[in-house]
Amino acid sequence: MRLVPAMCVVAWLGFCVATACDAAADLSRDLGRLERLREAVDVQADRMEYDQAERKIVAQGAVRVALGERSLFADEVSVDLDDETLVASGNVVLVEGPNRLEGDRIEYNYRSNVGIVTNGRGTVEPGVSFSGVEIRREGERQYSLKEGRFTGCSVCQPESTTPDWEFRADEATIYQDEWVAARGASFWIKGIPALYTPVLALPIGPRRTGFLIPRFAYGNTDGFTVKQPFFWAISRSQDLTLTPIYRTKRGFEIEAEYRYVLGERSRGDLRGRYLYDRLSGDQPPNRGEVHWFHDHILSPAWTFKADVNYQSDTSLNRDFIDNSPSARTQRVLDSNVFLTQTTARYMLLGLLGVTQDLTDIGEKRLSRLPEVRFQWLPAPLFSLPLVAEADTSAVFFERSDADNAGRFDLFPSLHLPLTPVPWLFATTSVGVRETAYTQDAGSGGAANRFLVAFGQRFGSTLLRRFDNPGFGLARLTHIVEPSVQYQYVSWADQQDLLQFDPVDFVSAQNRLTFRLTNRLMARTQDADGQSRSYELASLTVMQSVNLQPKTREFSDVYLEALTPERVDQAVKDLQPLSGGFTRAKERRLSDLVFQAAVRPVPAVRLHGTVAVNVENPEVEAVNSGVEVRVRDDLTLEVGQSFVRDRQVDGVVGKILWNATRNIVLDLLTRYDIRSSTLLENTLSLRYKTCCWEVGLRYTHRTRGPGESDENSVNVTYDLIVPTPSATR
Numbered sequence: 029m030r031l032v033p034a035m036c037v038v039a040w041l042g043f044c045v046a047t048a049c050d051a052a053a054d055l056s057r058d059l060g061r062l063e064r065l066r067e068a069v070d071v072q073a074d075r076m077e078y079d080q081a082e083r084k085i086v087a088q089g090a091v092r093v094a095l096g097e098r099s100l101f102a103d104e105v106s107v108d109l110d111d112e113t114l115v116a117s118g119n120v121v122l123v124e125g126p127n128r129l130e131g132d133r134i135e136y137n138y139r140s141n142v143g144i145v146t147n148g149r150g151t152v153e154p155g156v157s158f159s160g161v162e163i164r165r166e167g168e169r170q171y172s173l174k175e176g177r178f179t180g181c182s183v184c185q186p187e188s189t190t191p192d193w194e195f196r197a198d199e200a201t202i203y204q205d206e207w208v209a210a211r212g213a214s215f216w217i218k219g220i221p222a223l224y225t226p227v228l229a230l231p232i233g234p235r236r237t238g239f240l241i242p243r244f245a246y247g248n249t250d251g252f253t254v255k256q257p258f259f260w261a262i263s264r265s266q267d268l269t270l271t272p273i274y275r276t277k278r279g280f281e282i283e284a285e286y287r288y289v290l291g292e293r294s295r296g297d298l299r300g301r302y303l304y305d306r307l308s309g310d311q312p313p314n315r316g317e318v319h320w321f322h323d324h325i326l327s328p329a330w331t332f333k334a335d336v337n338y339q340s341d342t343s344l345n346r347d348f349i350d351n352s353p354s355a356r357t358q359r360v361l362d363s364n365v366f367l368t369q370t371t372a373r374y375m376l377l378g379l380l381g382v383t384q385d386l387t388d389i390g391e392k393r394l395s396r397l398p399e400v401r402f403q404w405l406p407a408p409l410f411s412l413p414l415v416a417e418a419d420t421s422a423v424f425f426e427r428s429d430a431d432n433a434g435r436f437d438l439f440p441s442l443h444l445p446l447t448p449v450p451w452l453f454a455t456t457s458v459g460v461r462e463t464a465y466t467q468d469a470g471s472g473g474a475a476n477r478f479l480v481a482f483g484q485r486f487g488s489t490l491l492r493r494f495d496n497p498g499f500g501l502a503r504l505t506h507i508v509e510p511s512v513q514y515q516y517v518s519w520a521d522q523q524d525l526l527q528f529d530p531v532d533f534v535s536a537q538n539r540l541t542f543r544l545t546n547r548l549m550a551r552t553q554d555a556d557g558q559s560r561s562y563e564l565a566s567l568t569v570m571q572s573v574n575l576q577p578k579t580r581e582f583s584d585v586y587l588e589a590l591t592p593e594r595v596d597q598a599v600k601d602l603q604p605l606s607g608g609f610t611r612a613k614e615r616r617l618s619d620l621v622f623q624a625a626v627r628p629v630p631a632v633r634l635h636g637t638v639a640v641n642v643e644n645p646e647v648e649a650v651n652s653g654v655e656v657r658v659r660d661d662l663t664l665e666v667g668q669s670f671v672r673d674r675q676v677d678g679v680v681g682k683i684l685w686n687a688t689r690n691i692v693l694d695l696l697t698r699y700d701i702r703s704s705t706l707l708e709n710t711l712s713l714r715y716k717t718c719c720w721e722v723g724l725r726y727t728h729r730t731r732g733p734g735e736s737d738e739n740s741v742n743v744t745y746d747l748i749v750p751t752p753s754a755t756r
């Protein structure tokens, strides 16, 4: 039978009505203590009794004690009314929210929420399990262990098995959601000792200060590499990761990354590294880099952004194999700080920018200090059927290999859109462009350029729908978009203009461009009635005709950006000139360009671009790729690029395969077809469980002429503290 302590006391008073008055007074005082106890605890048990001499409540058999938000279960519980403590024994379990404490015996002060557990074990958030010969609960979020063990595996692995990893310590203190501090600690893997440390501070909560798991690597260029990151949670809105690095062949290095959040609309990241490189080669031994990114939304219309990058030399990223492939193949390094205002009518941009060329041995840098751009977005002009727009910019350039200069560019234009018949639309465009410089490329005086642009475009969109065409499709839509465009831009001698970017050279035009696009849009319908549309296939064919081809002088900056896939210009018979210009003859016919994409199923996409020189029949360029995504299990990407006059012919392949629930395979390959050289092969293998992850990455890359190939092996090991919800 289950009775509350107050009923036991009342029954006991009923049997003692004939006792002396002093006994009645004692009982009255005990009743007061019981009332105070009832405010804190609620005891339920099979049997309960009150010991007057010891002033205790003794409960036996399936005892449950409710302590507000806490609950205690045991075979036997003794409550001391004077000390407000209890002693529980036999299958003791103390539960408080997700935290759980078990043991053979517990001495517990239910007022201060402290106690001692013998042969105890417990679990606290975010998912740490621990045990000890003696466990002292020293507050709401603190536990001290003697001869203790703690791990993050027990909450997601059967209790009967040996945990994949655990720490054992002579003494340890667990600070919930923060860290574990231990003395005489050892690290065990599957019951086998692997590491000993006299002291240990292990972060166990999100964003907690402490040392992270070290990283190890070996390469024939860097030698053995050890990275020991330290994470500092400065506050809820900022943190710092400091990583000392030692490379046996290069020396010491220090990396730092500072992250901050200034508000819901403002955040940023500051990263840097420095080392004194013993293998710097032609570069100075003091090497380093700094990256700063900041994003701040000042108001719905105003935005401030910064993306600042600095490197001490042009080959810093290429020299270190542990940098990402995108960083090692980067051709330029841009730094930009800009303030923008965006409205429905216009866009205003203020910019400070620096571009550093990473391909040359010598330093080559172009700075915009500052640049202001104003773009009037296309909008109707008064009540006329005209659409007006304008682009304006003012910039001051500083260049390391040429004179500094200022430039002002104004380009307003008018458009007249018409629909002569329902299936045909036409747009007539007229614009003028004035570009002025504070000095020219020769004498140093001011210079300017005036251009007139005219365009006429005719186009149409034709479509036909097919319902239930088969192949599991609910609808198939065929869209045909033909267009023809005439473009005229007046000629101007631009050799006396300084060349900084594409604005400084505009190619003269008297050209017709033809374009034909076919698209197949598919719609599928799932069993639950949900419909989804996607582009099944597309094919675009385009070419242009130069109505007055001539021999002209072109800027080298312009020709460098003129790829075979562009149909707005085509040249031949190049003759380099001085001052950054080249004389070339315009071709009458541009390359015939085919752009195609096929998605036979939503998970597979094939795409490609082919440019064919029809005057001297040969393929000028091919860019193609295949993308396969099978749910979240497999991602396959293969890309091929061939450009005849750029000596480019290579293949890049990527595979990300979740082979099993625990194994992830990642492969990157870069191959140069022209030289039959495997530029890079990177294979990453990760094995992940609920409480730990190990990774192995092997990289082989071919370096420059006269340099040996580089091989690197990187090993990572991470301990994971899972949350209980993640294991359900």
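Quick note: to get my numbering, add 28 to the position in the sequence shown (first position is 1).
Glycine included, C-beta positions come from ideal geometry on N, C-alpha and C.
Keep in mind the model is a prediction, meaning the values are calculated, not measured.
Check each candidate in Val508, Glu285, Ser263 and name the one with the smallest Cα separation from Thr271.
Residue numbering aside, residue 271 sits at position 243 when the sequence shown is read from its first letter. Selected option, being the one with the closest Cα: Glu285.
Using the Cα positions of Thr331 and Leu394, report the straight-line distance between them to the nearest angstrom.
Residue numbering aside, residue 331 sits at position 303 when the sequence shown is read from its first letter. Residue numbering aside, residue 394 sits at position 366 when the sequence shown is read from its first letter. Taking the straight line joining both Cα atoms gives about 25 Å.
Closest residue to Glu588 among Ser572, Arg674, Val517, Val115 (Cα-Cα distance)
For the purposes of this step, residue 588 is identified with residue 560 of the sequence shown, where counting begins at 1. When each option's Cα is compared against that of Glu588, the closest is Arg674.
Can you check whether the CB of Asn574 is closer than 8 Å to the CB of Arg633?
Here residue 633 refers to the residue found at position 605 when the sequence shown is read from its first residue. Here residue 574 refers to the residue found at position 546 when the sequence shown is read from its first residue. Contact: no.
Among Thr368, Asn345, Val365, nearest to Thr357 - alpha-carbon criterion:
Walking along the sequence shown from the start, residue 357 turns up at place 329. Per the Cα distances, Asn345.
Answer yes or no: do Ile232 and Val749 have a C-beta to C-beta separation smaller than 8 Å?
Stepping through the sequence shown from its first residue, residue 232 is reached at position 204. Stepping through the sequence shown from its first residue, residue 749 is reached at position 721. Contact: yes.
What does a CB cutoff of less than 6 Å around Ser99 pick up in its chain, not counting 5 residues either side in sequence?
As a first step, residue 99 is located in the sequence shown; it is residue number 71 there, counting from the start. Hits under 6 Å: Val123.
Are the beta-carbon atoms belonging to Gly238 and Trp207 less than 8 Å from one another?
Within the sequence shown, residue 238 is the residue found at index 210, counting from 1. Within the sequence shown, residue 207 is the residue found at index 179, counting from 1. Taking 8 Å as the Cβ cut-off, Gly238 and Trp207 qualify as a contacting pair.
Please list, in chain order, all residues of the same chain as Phe280 whose beta carbon is under 8 Å from its beta carbon, the five residues on each side excluded.
Indexing the sequence shown from 1 puts residue 280 at position 252. Taken in chain order, the residues that qualify are Pro272, Ile273, Tyr274, Leu303, Tyr304.
Distance, Cα to Cα, Glu130 vs Thr151?
Against the sequence shown, residue 130 aligns to sequence position 102. Against the sequence shown, residue 151 aligns to sequence position 123. Their Cα atoms are separated by approximately 9 Å.
Can the beta-carbon of Arg301 be found less than 8 Å from the beta-carbon of Gly316?
For the purposes of this step, residue 301 is taken as residue 273 along the sequence shown, with counting starting at 1. For the purposes of this step, residue 316 is taken as residue 288 along the sequence shown, with counting starting at 1. Yes, Cβ-Cβ distance for Arg301 and Gly316 is below 8 Å.
Could you spell out where the beta strand (DSSP E) holding Tyr586 opens and where it closes?
Here residue 586 corresponds to residue number 558 of the sequence shown, with the count starting at 1. No beta strand (DSSP E) holds Tyr586; the alpha helix (DSSP H) holding it covers 584-588.
Taking the straight line between their C-alpha atoms, what separation do you get for Gly678 and Pro413?
Along the sequence shown, read from residue 1 onward, the residue named residue 678 stands at position 650. Along the sequence shown, read from residue 1 onward, the residue named residue 413 stands at position 385. Approximately 50 Å, taken between the alpha carbons.
Cα separation between Pro186 and Asp192?
Working through the sequence shown from its first residue, we reach residue 186 at position 158. Working through the sequence shown from its first residue, we reach residue 192 at position 164. Computed Cα separation, rounded: 11 Å.
Secondary structure of Asp362, DSSP reduced to three states
Position 334 of the sequence shown, counted from the first residue, corresponds to residue 362. Correct three-state label for Asp362: strand.
How would you write the range of the alpha helix (DSSP H) that Ala565 sits in, first residue to last?
Residue numbering aside, residue 565 sits at position 537 when the sequence shown is read from its first letter. That residue, Ala565, is in no alpha helix (DSSP H); its beta strand (DSSP E) goes 559-574.
Which of the three DSSP states, helix, strand or coil, is assigned to Ala51?
Residue 51 sits at position 23 when you count from the first residue of the sequence shown. Caution is warranted here: a pLDDT of 46 is assigned to Ala51, below 50, making its placement in the model unreliable, and the coordinate value is therefore given only provisionally. Correct three-state label for Ala51: helix.
Here's a check: name, in chain order, each residue in its chain whose Cβ is nearer than 8 Å to the Cβ of Ala474, leaving out the five neighbours to either side.
Here residue 474 refers to the residue found at position 446 when the sequence shown is read from its first residue. Result list for Ala474: Ala464, Tyr465, Thr466, Gln467, Asp468, in chain order.
Starting from Ala355, trace the alpha helix (DSSP H) in both directions and tell me its first and last residue.
Stepping through the sequence shown from its first residue, residue 355 is reached at position 327. Segment 353-356, the alpha helix (DSSP H) holding Ala355.
Name the DSSP beta bridge partners of Ala454, please?
By 1-based counting over the sequence shown, the position of residue 454 is 426. Note: Ala454 sits in a beta bridge opposite Leu446, Phe486.
Uninterrupted alpha helix (DSSP H) stretches inside the segment 233-264 (no shorter than 4 residues)
none
Rounded C-alpha distance that separates Val86 from Val105:
Counted from its first residue, the sequence shown places residue 86 at position 58. Counted from its first residue, the sequence shown places residue 105 at position 77. So the two alpha carbons sit approximately 6 Å from each other.
Within the continuous beta strand (DSSP E) that includes Asn345, where are the two ends?
Locating residue 345 in the sequence shown gives position 317, counting from the first residue. Not the beta strand (DSSP E): Asn345 falls in the alpha helix (DSSP H), residues 344-347.
In the DSSP assignment, what residue or residues form a beta bridge with Tyr699?
Here residue 699 refers to the residue found at position 671 when the sequence shown is read from its first residue. The partner list for Tyr699 (beta bridge, DSSP) reads Val679, Leu706.
What number of angstroms, rounded off, separates the C-alpha of Ser559 from the C-alpha of Ile507?
The residue you call residue 559 lines up with position 531 of the sequence shown. The residue you call residue 507 lines up with position 479 of the sequence shown. Going by the C-alpha atoms only, they are around 20 Å apart.
Just to confirm before moving on: does the CB-CB distance between Arg551 and Leu501 stay below 8 Å?
As a working mapping, residue 551 is identified with position 523 in the sequence shown. As a working mapping, residue 501 is identified with position 473 in the sequence shown. Yes. Within cutoff.
Where does Tyr138 land, buried or exposed, given buried means 16+ other C-beta within 10 angstroms?
For this step, residue 138 is matched to residue 110 along the sequence shown. Classification of Tyr138: buried, given that the 10 Å Cβ count is 16 or more.
Cα separation between Asn742 and Thr568?
Translated into the one-based positions of the sequence shown, residue 742 becomes position 714. Translated into the one-based positions of the sequence shown, residue 568 becomes position 540. Their Cα atoms are separated by approximately 45 Å.
Looking at C-alpha atoms only, which residue of Ala213, Phe259, Leu442, Val120 is the closest neighbour of Gly148?
As a first step, residue 148 must be located in the sequence shown, where it is residue number 120. Checked all of Ala213, Phe259, Leu442, Val120; the closest Cα to Gly148 is Val120.
Quick one: what's Asp335 bridged to in DSSP?
Here residue 335 is taken as the residue at index 307 of the sequence shown, counted from 1. In DSSP, Asp335 forms a bridge with Phe321, Asn364.
Between which two residues does the beta strand (DSSP E) carrying Asn739 extend?
In the sequence shown, counting from the first residue as 1, residue 739 sits at position 711. Looking at the DSSP string, the run of the beta strand (DSSP E) that includes Asn739 is 738-747.
From Ser518, Gly723, Ala418, pick the residue whose C-alpha is nearest to that of Phe482; which is it?
Counted from its first residue, the sequence shown places residue 482 at position 454. Minimum Cα distance to Phe482 is reached at Ser518.
At what residue ranges does the segment 574-636 contain a whole run of the beta strand (DSSP E), taking only runs of 3 or more?
579-583, 599-604, 609-614, 620-629
If you run the structure through DSSP and keep just helix, strand and coil, what is Arg306?
Here residue 306 is taken as the residue at index 278 of the sequence shown, counted from 1. Reduced to three states, the DSSP call for Arg306 is coil.
C-beta contact flag for Ile618 and Gln576 at 8 Å
Position 590 of the sequence shown, counted from the first residue, corresponds to residue 618. Position 548 of the sequence shown, counted from the first residue, corresponds to residue 576. It should be pointed out that residue 618 corresponds to Ser in this sequence rather than to Ile. Going by C-beta atoms, Ser618 is not nearer than 8 Å to Gln576.
Through-space distance from Leu386 to Asp310, alpha-carbon basis
Numbered from 1 along the sequence shown, position 282 holds the residue referred to as residue 310. Numbered from 1 along the sequence shown, position 358 holds the residue referred to as residue 386. Between Asp310 and Leu386, the C-alpha separation is close to 15 Å.
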